[in-house]
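Residue numbers (the numbering used here), protein chains in the order written: chain A, 3 to 235; chain B, 24 to 283.
Virtual Cβ for every residue (Gly too), placed ideally from N, Cα, C.
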Amino acid sequence: MGDLFAFERVTLDFNGVTALQEVTARLPGGGLSVVAGASGSGKSSLLRLCNRLEVPSGGVVRFRATDLSTLDPLQLRKRVGMVFQRPAVFPGTVRDNLLVAKGDAGDTELADVLEQAELGTAFLSRTGDDLSGGEAQRVCLARTLICHPEVLLMDEPTSSLHRAASLALEKTVVSLHRDHGVDVVWVTHDLGQIERLAEYLLVLSSGHPVYEGDPSTDEARRSLASLTGDGAT
Amino acid sequence: MGQGDVGALGLVTSLLLVGVAIVVSLTQQLRLEKSLIWSTVRAFVQLIVMGFVLAWLLEPGRSLTYSWLWVAGMVVFAAWTVRGRAPEIPGLFSIALVALAVATVVTLGVIFGLRVFPMEARAIVPLGGMMIGNSLGGTVVAARRVADELADKRPEVEARLALGQSSREAGRPYVRSAIRTALTPRIESTKAVGLVFLPGAMTGLILAGVDPVDAVLVQAAIMYLILGTVATTSVVIGLGSLRLLFTPDHRLRRLARRTD
């Protein structure tokens, strides 16, 4: 399987801070990759490079071997969907939210996508204020899925959820990956989550990759153990 | 008195309410006293200077070029003020300058083209000031609100961008809200005209002995031009700010927080 994303000597600076320093790494296609690291390690910045919410100050990011800078960002973002750390539900109902993503979606499509996110059609008429944190995050997932992305970027999507909601969202995304063939890149610093989800692991520390590959090796465990000392959970 | 002659006593008396406001600010710890004093002193100095300049401009035989230069100066100063009130928006000065200049030229062109007032120094400078001054309030609010909305709602805006929306689409709800905020005071004051207050131009004309109906028609024309100018410049600044706050590849720029 070829690379889903490849980072070639990628540097990312903003506001005088270097978030990533000459990172060379890869995330393979066809799997569920986890990008791990302590707070401030650059893992979310790396993810934001993948759909061009950030552009590198130096180096090249490739998506399926194509230089990202040569792709239309709007088309790319429909192919590479993203779910953020904090659910940002737009004003209006869940239906309104889904229609922001795809204005011509019919009722069947809305129902399908809610089912994929494990929400019922009863949610269509509910507003953001009526949703729990877990439900709001699922609405954001459904809103992303309605664009039929090839890839899901999950930026610490369970960090504000309680454990049950967190495990349920993980299960939903794993099902999407297995049953619908959606590639997933999941950013987290939760060691339990890494163990449950990672088929491929990239560990960052202070803007540098310190491990990439099989998550079950001793070296992977050592790189993750160092995270605990940095305050990772 | 009674002939537009205020005198020192009248001027001091008019400051009584400002003094009350300063006392209220101090006792309630609103921290507005410095701004109140500064704006009062500054307005006085500016008006005195303006009085001398107007007296010079109105001297018989003085070329109208100086009046137009004065208006041009007001446009530049207003654009600079807009830029200063929303410094986090890069390149705002140019857009504000063009918007205010075009709006001023068009409105003064209508006023003098239709002979609402004769094109002379005593009309060019005050009317130019009226158009630019009213636009300034709207444009400052529009620019600041757009920047504030996009900074406050950054997660929502980025969620929209991540769905493949263009920067224009992603920013539209926030710009709409900002422009509405900028225009509401002008719309409300236009609605209240004649019921709550009698506007200055009309009052001045009536005091000068012009037939009240003629004065009303002149005021209506000026009021519509002001409303149109404020609306146009606010929309241009709102949409222009939106364009400036995103990169050409549809990313929201990082916005520094204002300290005020």
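Same chain only: Cβ atoms within 6 Å of residue i, ignoring 5 sequence neighbours per side
i: Ser90(B); result: Leu80, Ala144, Ile147, Val148
i: Val259(B); result: Ala122
i: Ile118(B); result: Gly263
i: Gly194(B); result: Leu265
i: Glu56(B); result: Ile45, Ser48, Leu49
i: Asp232(A); result: In this prediction, Asp232(A) has a pLDDT of 46, which is less than 50 and means its spatial position is unreliable; nothing more can be read from the coordinates.
i: Leu126(A); result: Val96, Arg97
i: Met142(B); result: Phe135
CB contact below 7 Å: residue i versus chain B
i: Thr235(A); result: Bear in mind that the predicted position of Thr235(A) carries a pLDDT of just 40, short of 50, making it unreliable; the figure below should be weighed with that in mind. Answer no: the Cβ-Cβ gap between Thr235(A) and chain B never drops below 7 Å.
i: Met84(A); result: yes
i: Arg97(A); result: no
i: Pro75(A); result: yes
i: Ala138(A); result: no
i: Asp232(A); result: Residue confidence is low: Asp232(A) scores 46 on pLDDT, short of 50, so the model does not pin down where it sits. Its coordinate-derived value is still stated next. No, its Cβ sits nowhere closer than 7 Å to a Cβ of chain B.
i: Glu103(A); result: Before going further, note that residue 103(A) is Ala rather than Glu in the sequence given. Yes - at least one Cβ of chain B is within 7 Å of the one on Ala103(A).
i: Ala113(A); result: no
i: Lys80(A); result: yes
i: Ala38(A); result: no
i: Ala227(A); result: no
i: Ala107(A); result: no
i: Ala67(A); result: no
i: Ala90(A); result: yes
7 Å CB neighbourhood of residue i in its chain, flanking five on each side removed
i: Leu226(A); result: Ala38, Leu193, Ile196, Val205
i: Val94(B); result: Thr127, Ile147, Val148, Gly151
i: Thr270(B); result: Arg276
i: Gly44(A); result: Ala21, Leu22, Leu206, Gly209
i: Val198(B); result: Val169, Gly261, Leu262, Leu265
i: Thr219(A); result: none
Residue i and residue j closer than 7 Å at C-beta
i: Arg79(A); j: Asn53(A); result: yes
i: Val153(A); j: Val82(A); result: yes
i: Leu49(A); j: Val85(A); result: no
i: Cys149(A); j: Ala103(A); result: yes
i: Val241(B); j: Ala201(B); result: no
i: Val253(B); j: Gly136(B); result: no
i: Leu178(A); j: Trp188(A); result: no
i: Ala205(B); j: Ser257(B); result: yes
i: Ile155(B); j: Met97(B); result: yes
i: Glu201(A); j: Leu34(A); result: yes
i: Ile229(B); j: Pro222(B); result: no
i: Ala102(B); j: Leu159(B); result: no
i: Thr1(A); j: Leu116(A); result: Only positions 3 to 235 of chain A appear in this structure, which leaves residue 1(A) out of reach.
i: Ser162(A); j: Arg88(A); result: yes
i: Glu111(B); j: Ala231(B); result: no
i: Ile245(B); j: Asn157(B); result: no
i: Ala90(A); j: Glu192(B); result: no
Residues that DSSP places opposite residue i in a beta bridge
i: Thr129(A); result: Thr95(A)
i: Ser35(A); result: Val187(A), Tyr202(A)
i: Thr68(A); result: Phe65(A)
i: Arg28(A); result: Ala8(A)
i: Thr50(B); result: In the DSSP output, where bridge partners are listed per residue, Thr50(B) has none listed.
i: Gly83(A); result: Leu154(A)
i: Phe269(B); result: Leu275(B)
i: Leu22(A); result: Leu14(A)
i: Gly60(A); result: Thr13(A)
i: Gly215(A); result: Leu203(A)
i: His210(A); result: Ser207(A)
Rounded distance between the beta-carbons of residue j and residue i, thought under 8 Å
i: Gly31(A); j: Asp5(A); result: 7 Å
i: Val105(B); j: Ala166(B); result: 6 Å
i: Leu14(A); j: Pro75(A); result: The Cβ separation is near 16 Å, so there is no contact.
i: Leu173(B); j: Leu267(B); result: Incorrect: roughly 11 Å between the Cβ atoms, too far for contact.
i: Ala124(B); j: Leu115(B); result: Not really, about 14 Å apart at Cβ, beyond 8 Å.
i: Gly185(B); j: Leu55(A); result: At residue 185(B) the sequence reads Ala, which differs from the Gly that was named. Yes, they are in contact, since the Cβ atoms of Ala185(B) and Leu55(A) sit about 7 Å apart, within 8 Å.
i: Asp157(A); j: Ser46(A); result: 5 Å
Min CB distance residue i to chain A below 7 Å
i: Gly187(B); result: yes
i: Glu111(B); result: no
i: Asp272(B); result: yes
i: Arg168(B); result: no
i: Ala182(B); result: yes
i: Glu172(B); result: no
i: Glu179(B); result: yes
Proximal residues to residue i (C-beta, below 8 Å), its chain only, five neighbours per side dropped
i: Pro211(A); result: Val25, Thr26, Ala27, Leu204, Val205
i: Glu120(A); result: Arg140, Ala170, Thr174
i: Glu10(A); result: Thr26, Gly61, Val62, Val63, Arg64
i: Thr20(A); result: Thr13, Leu14, Gly209
i: Gly25(B); result: Its pLDDT being 47, under 50, Gly25(B) is placed unreliably in this model, and the value from its coordinates should be taken loosely. None.
i: Phe92(A); result: Asp98, Asn99, Val102, Gly130
i: Val41(B); result: Leu59, Thr63
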